[in-house]
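Just so you know, we're using the UniProt record's numbering here: the sequence shown kicks off at 1 and counts up by one.
Following: one structure in structure tokens, then a few remarks.
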Amino acid sequence: KTDVIEKVDEEEVTEVEGWAPSVSLEVNDRIETGEEGEEELYRQRSKLYRWVAKDEDSGEWKERGTGEMRLLKEKKSGRVRALMRQEKTLKIIANHYVVENGPYCSLKPNAGSEKCWVWMASDYADGAESTEQFALKFGNPDLAKAFEKAFNEAKQTNAEIISGEKASKK
């Protein structure tokens with residue numbers, strides 16, 4: 001027994017008289033990411049690692065993803081945050097304000113490497129706040145130095161905004 005299969009073009013539309021779809025779909029061309037009201041100050045492709053502690057004395061660096069580390073300045077408040085999305089999935093892997101407070105956002109070289117920076121931050125990448133230790137690795141030392149400069153400028157910008165807010169509250 002042989003089955004005959006008739007193939008039709010995908011774009012061929014059959015109209016049935018009196019039939020109407022029960023649901024109409026609208027195409028939304030505009031996707032909001034939450035980054036619309038922000039100005040990009042810095043962008044560079046890099047690899048992000050997160051410190052995972054096994055116990056009090058030991059732990060290891062786990063790769064969180066590769067993507068573009070960006071420093072974004074809010075147009076209304078002027079505050080700067082660090083945002084990094086994974087390249088292929090666009091999942092947020094780092095999201096925090098660049099504010100130096102004790103050990104937070106204090107850049108340190110990682111194990112003598114000129115291509116890698118380490119810092120701690122209150123991160124919101126998973127939705128809830130969590131204290132994370134990050135390492136960001138670049139392709140060469142020049143890119144790492146450019147990140148350090150931009151990161152420190154962002155810290156200075158945020159420090160000026162915060163001190164201005166504190167002064168106006170008094």
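Virtual Cβ for every residue (Gly too), placed ideally from N, Cα, C.
On the criterion of 16 or more Cβ atoms from any shown chain inside 10 Å, does residue i qualify as buried, or is it exposed?
i	result
residue 50	buried
residue 155	buried
residue 127	exposed
My output table needs one value for residue i: the three-state DSSP class, helix, strand or coil.
i	result
residue 76	coil
residue 164	helix
residue 141	helix
residue 157	helix
residue 101	strand
residue 26	coil
residue 62	strand
residue 108	strand
residue 148	helix
residue 35	coil
residue 68	strand
Hey, could you find the ends of the beta strand (DSSP E) residue i is sitting in?
i	result
residue 52	38 to 53
residue 97	92 to 97
residue 137	130 to 137
residue 122	116 to 123
Can you give the Cα-Cα distance for residue i and residue j, rounded to whole angstroms?
i	j	result
residue 117	residue 98	14 Å
residue 140	residue 114	8 Å
residue 70	residue 84	6 Å
residue 107	residue 31	34 Å
residue 58	residue 132	15 Å
residue 73	residue 112	31 Å
residue 143	residue 44	8 Å
residue 94	residue 63	12 Å
residue 92	residue 86	6 Å
residue 96	residue 151	12 Å
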